[in-house]
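Visitor: Line by line, the protein sequences are chains D and W. Here my numbering is used: position 200 in the first sequence is 200, and no number is missing along the way. Numbering-wise, my numbering comes out as the position in the second sequence, counting from 1, plus 1000. In this text, a Cβ means the ideal position worked out from N, Cα and C, and glycines have one as well. If you're wondering where the values come from, they're calculated on a predicted model, not measured in any experiment.
Number of protein chains: 2
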Amino acid sequence: MIDTSMSSALSLTLLCRDTNSHARVTQITTPHGVMDTPSFMPVGTQGTVKTLTPRDLKEAGAEMILSNAYHLYIRPGVEVIRSLGGLHKFMGWDGPILTDSGGFQVFSLAKLRTITDEGATFSSHFDGKEHFLTPESVVKIQEDLGSDIAMVFDECSAYPADASVLRRAMERTLLWSARAKRAHKKENQALFGIVQGGCDFALRKESLARTVEIGFPGYALGGLSVGEPKEHMNEVLQAITPLVPENAPRYLMGIGTPLDFLEAVSAGIDMFDCVTPTRYGRNGTAFTHQGMLVVRNAIYTEAKGPVDVKCDCYTCQNFDRGYIRHLLNANEILGHHLLSYHNVYFFISLMKQIRSAIQKGEFLSFRKQFEIEYNAGSR
Amino acid sequence: MIDTSMSSALSLTLLCRDTNSHARVTQITTPHGVMDTPSFMPVGTQGTVKTLTPRDLKEAGAEMILSNAYHLYIRPGVEVIRSLGGLHKFMGWDGPILTDSGGFQVFSLAKLRTITDEGATFSSHFDGKEHFLTPESVVKIQEDLGSDIAMVFDECSAYPADASVLRRAMERTLLWSARAKRAHKKENQALFGIVQGGCDFALRKESLARTVEIGFPGYALGGLSVGEPKEHMNEVLQAITPLVPENAPRYLMGIGTPLDFLEAVSAGIDMFDCVTPTRYGRNGTAFTHQGMLVVRNAIYTEAKGPVDVKCDCYTCQNFDRGYIRHLLNANEILGHHLLSYHNVYFFISLMKQIRSAIQKGEFLSFRKQFEIEYNAGSR
Chain D
1 MIDTSMSSAL
11 SLTLLCRDTN
21 SHARVTQITT
31 PHGVMDTPSF
41 MPVGTQGTVK
51 TLTPRDLKEA
61 GAEMILSNAY
71 HLYIRPGVEV
81 IRSLGGLHKF
91 MGWDGPILTD
101 SGGFQVFSLA
111 KLRTITDEGA
121 TFSSHFDGKE
131 HFLTPESVVK
141 IQEDLGSDIA
151 MVFDECSAYP
161 ADASVLRRAM
171 ERTLLWSARA
181 KRAHKKENQA
191 LFGIVQGGCD
201 FALRKESLAR
211 TVEIGFPGYA
221 LGGLSVGEPK
231 EHMNEVLQAI
241 TPLVPENAPR
251 YLMGIGTPLD
261 FLEAVSAGID
271 MFDCVTPTRY
281 GRNGTAFTHQ
291 GMLVVRNAIY
301 TEAKGPVDVK
311 CDCYTCQNFD
321 RGYIRHLLNA
331 NEILGHHLLS
341 YHNVYFFISL
351 MKQIRSAIQK
361 GEFLSFRKQF
371 EIEYNAGSR
Chain W
1001 MIDTSMSSAL
1011 SLTLLCRDTN
1021 SHARVTQITT
1031 PHGVMDTPSF
1041 MPVGTQGTVK
1051 TLTPRDLKEA
1061 GAEMILSNAY
1071 HLYIRPGVEV
1081 IRSLGGLHKF
1091 MGWDGPILTD
1101 SGGFQVFSLA
1111 KLRTITDEGA
1121 TFSSHFDGKE
1131 HFLTPESVVK
1141 IQEDLGSDIA
1151 MVFDECSAYP
1161 ADASVLRRAM
1171 ERTLLWSARA
1181 KRAHKKENQA
1191 LFGIVQGGCD
1201 FALRKESLAR
1211 TVEIGFPGYA
1221 LGGLSVGEPK
1231 EHMNEVLQAI
1241 TPLVPENAPR
1251 YLMGIGTPLD
1261 FLEAVSAGID
1271 MFDCVTPTRY
1281 GRNGTAFTHQ
1291 GMLVVRNAIY
1301 TEAKGPVDVK
1311 CDCYTCQNFD
1321 RGYIRHLLNA
1331 NEILGHHLLS
1341 YHNVYFFISL
1351 MKQIRSAIQK
1361 GEFLSFRKQF
1371 EIEYNAGSR
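1) Give the DSSP bridge partners of D:T150, in chain order.
2) Note down, in chain order, every chain W residue with its Cβ under 7 Å from the Cβ of D:F346.
3) Would DSSP call W:S1177 helix, strand or coil?
4) With H, G and I counted as helix, E and B as strand and the rest as coil, what does DSSP make of W:E1246?
5) Kindly list, in the order they appear in chain D, the residues whose Cβ is closer than 8 Å to that of W:V1080.
6) Once you ignore the five residues that flank W:R1383 on each side, which residues in its own chain have a CB closer than 6 Å to its CB?
7) Could you please give the first and the last residue of the uninterrupted alpha helix (DSSP H) stretch that includes D:C316?
8) Does the segment 1085–1103 of chain W come within contact of the segment 1133–1153 of chain W, defined as at least 3 CB pairs closer than 8 Å?
9) For D:L174, count the other beta carbons within 10 Å of its own beta carbon; 16 or more makes it buried, fewer makes it exposed. Which is it?
10) Say whether chain D places a C-beta atom closer than 9 Å to the C-beta of W:F1363.
11) Of all the CB atoms in chain W, is at least one closer than 9 Å to the CB of D:Y70?
12) Which one of W:H1326, W:M1233, W:R1321, W:H1131 has the shortest CA to CA distance from W:K1304?
13) Taking C-alpha atoms, which residue in W:H1289, W:T1288, W:G1284 lies nearest to W:V1295?
14) If you measure between the beta carbons of W:D1273 and W:M1041, is that distance less than 9 Å?
15) Grab me the residues of D:D117's own chain with a C-beta within less than 7 Å of its C-beta, minus the 5 sequence neighbours each way, in chain order.
16) Give a yes or no on whether 9 Å exceeds the smallest Cβ distance from W:F1040 to chain D.
17) Considering just the uninterrupted stretch of the alpha helix (DSSP H) at W:E1228, what are its terminal residues?
18) What does D:G47 reach in chain W if we use C-beta pairs closer than 7 Å?
19) So who's on the other strand from W:P1042, going by DSSP bridges?
20) When you compare only the Cα positions, how much space is there between W:T1301 and D:A376?
21) D:I333 versus chain W: which residues are under 8 Å apart at the beta carbon?
22) So, helix, strand or coil for W:E1373, using DSSP?
23) Along the alpha helix (DSSP H) that carries W:D1260, what are the first and last residues, could you check?
24) Measure the alpha-carbon distance for W:S1021 versus W:I1194 and round it to whole angstroms.
25) Exposed or buried, which one is W:R1055 when buried takes at least 16 other CB atoms within 10 Å?
26) Can you tell me whether D:Y159 sits near the ligand SAM, meaning its C-beta is under 8 Å from at least one heavy atom of the ligand?
27) DSSP on W:I1255, reduced to helix/strand/coil?
28) Please state if the CB of W:E1143 and the CB of W:K1205 are separated by a distance shorter than 9 Å.
29) Can you find a CB in chain D that lies within less than 9 Å of the CB of W:A1239?
30) At a CB distance below 7 Å, what residues from the segment 76–107 of chain D approach chain W? Give them in sequence order.
31) Among W:I1240, W:G1103, W:A1209, W:L1112, which has the Cα closest to the Cα of W:A1180?
32) Going by the DSSP bridge assignment, what does D:H131 pair with across the sheet?
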């Protein structure tokens, strides 16, 4: 029996379907409020979206934000956050929060020691201390954090990977997903499943079907953008996303850039998260309607005008490129802040424009227009 | 003839005098608006008050801010700022700005090569490049920056210094002050004189009298808090400040902490600037009504409650000490921002409370009460 009923903690209202693609507009209701999709979730890895206050995030239009169970478990520790009233209270964010399970971090950031069906033993990236996590303990961590959406603990494979490695990771993720679902008790929290299988269509389809069989109120596509050619990722997205039960949110983990969003939305993805806007912002690069702008470059030393003439964010309304270039050049934190703010604002605004275009039946023409301008300006 | 007339760019209205001390409340009008004194000016050394946006500063109650001609001259260069519309436009601050002349920086930060009556040759702290500055060129730099208040180029002496060294620095500062005044042409900018003389009362008095004879619309006390015992600084403040013409603003340069402010206000000082709130903020220390709080300390790991229960700033209204401690511990910029914001807010709020106390005739009792609570809580 395929159980695709929504959890009591989450419901999805399908507002609009694009007739020329799989793009759609939905509203997802969580214990801490509503999120309109397609949506971009800013990433607050360590319990803060880097350089931004919660009020900055509200102003930028953020509805749901993401944080990482792995990082918070390592530092400051779940007990600290619990004793301070849970993750929402801890970070001063009263809107919805999704916590990533840490699967990806254990396999990419920490030093993995051993992995068995029971769980993963690893040394933390922070102090090398050894930890052991199981699907059940990762559920418990996220229940204690109190996020609105928790993710199952999954095994990620690198790219490229042998078919046998991909299958083993997929099988283990399925095993862990079932155990996570059994362990999950928190009523005001939705637990999402994660589809693995690399770029192997058959494996992805099997992973999806068997994850749906276990039954979750939402599904994520994991293990993408790990080194595979972008065409492969897009082919997987187009082939798999439309097969996800339509009353469940579809979440593409850890991706990406504006052009990625347009492609994935056309495949039917609802939710996105990525560190790109804040990471690029701190490194001195802005995302704009005219492509990526390396504001740090010396050619902008005396440049008048905003980072993006089409943007109405605080940064673009108040500061010349030359000033921001000076801040970056002088290692002033304000430069990192102003660009991070702009980038987050830009990503969220793009999602608003995408939703509006879908609802007007103009998604494909919007996409085409956006891509032309973005690609023409990129340098 | 003693010329104490106000410049066309600046006027002072004396609103209230304390009857038990030299404390006073004034309103200083500049081309970019009014400042109520006693006042604390946040320091934006490189054209940004570190980690804070202009709107943060407005919200914290800042009226005038300070920036450094020396730093801006070195980087990004005066021409860049001029081509971007002047310092106000450059940094997005439409209120009054005071620029320090760079005298102190040339003698403390840069590597001084030679100093003659003509000017100072030094290697920049940034790239070692050699520069030559004169009283006239420093006036020109500040005219080009377009600040509301400019400072004369002065020679600072270290502490301790021989009487002959102190006198030579004082004489040179007087010589340079007269030349700066002659060179200064910008009508919508006030040029302040700087009184030197170390902790030698006779020298300070002579410096003041002769600076007043040259005639400026405002006077600063320079060369204090350079290593001398605090009692000596306070004695100089009490002896010299009341001798400054009362229709001119009195500015104590580069100082200090809440207790310093109370002492200096009682001597009649109107204007303060210091990097303490932002520097301590970035280092994880908060100024509070209960003294200094090292929020970075591990004892605050699970600490509930705000940094300062008596503070109504954004930081104190929204975040527990434990969260801010986590941010600092995890090297998150938001921690530096939230504490810098609180500290600046706290300093400015203290000045508001001081003005209110003076106007109610309660300055001495306010001071006593503040000091008791502050000293009892300091740890």
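Guide: A quick look at the data gives this:
1) The question names Thr, but residue 150 of chain D in the sequence shown is Ala. Answer by DSSP bridge pairing, in chain order: D:T99, D:L191.
2) For D:F346, none of the residues of chain W pass the 7 Å Cβ criterion, the least Cβ distance being about 18 Å.
3) In the structure shown, W:S1177 sits in a helix (DSSP, three-state: H, G or I).
4) Three-state DSSP puts W:E1246 in coil, outside helix and strand.
5) Result: T301, E302, G322, H326.
6) Residue 1383 of chain W lies beyond the range of chain W shown here (1001 to 1379); nothing can be said about it.
7) Note, D:C316: alpha helix (DSSP H), 314–318.
8) By the criterion of at least three beta-carbon pairs nearer than 8 Å, the segment 1085–1103 of chain W is in contact with the segment 1133–1153 of chain W.
9) Classified as buried, D:L174 has 16 or more neighbouring CB atoms from the shown chains inside 10 Å of its CB.
10) Chain D contact via Cβ: absent.
11) Judged by the 9 Å Cβ criterion, D:Y70 is not in contact with chain W.
12) Per the Cα distances, W:R1321.
13) W:V1295 has its Cα closest to that of W:G1284, out of W:H1289, W:T1288, W:G1284.
14) Annotated as proximal: W:D1273 and W:M1041, with beta-carbon spacing under 9 Å.
15) Contacts found: R172, L175.
16) Not a single CB atom of chain D sits nearer than 9 Å to the CB of W:F1040.
17) Under the DSSP assignment, W:E1228 falls outside any alpha helix (DSSP H); it carries neither an H nor an E label.
18) Per Cβ cutoff of 7 Å: H1326.
19) Answer is W:C1274, bridged to W:P1042.
20) Using only the alpha carbons, I get a separation of about 50 Å.
21) Residues of chain W with a Cβ closer than 8 Å to the Cβ of D:I333 are, in chain order, K1050, T1051, I1333, H1336, H1337.
22) W:E1373: helix per DSSP, three-state reduction.
23) For W:D1260, the enclosing alpha helix (DSSP H) starts and ends at 1258–1267.
24) Put simply, the backbone Cα of W:S1021 is about 23 Å away from that of W:I1194.
25) Counting Cβ neighbours within 10 Å, W:R1055 comes out exposed, since fewer than 16 surround it.
26) The ligand content of the structure shown is nil, which means the ligand SAM is not present either.
27) The answer is coil: DSSP assigns W:I1255 none of H, G, I, E or B.
28) In this structure, W:E1143 does not lie closer than 9 Å to W:K1205 by Cβ.
29) With its beta carbon at least 9 Å from every one in chain D, W:A1239 lies outside the interface.
30) The segment 76–107 of chain D vs chain W, Cβ under 7 Å: P76, V80, S83, L84, F90, M91, G92.
31) Nearest of W:I1240, W:G1103, W:A1209, W:L1112 to W:A1180, Cα basis: W:G1103.
32) Checking the DSSP bridge columns, you'll see D:H131 partnered with D:F122.
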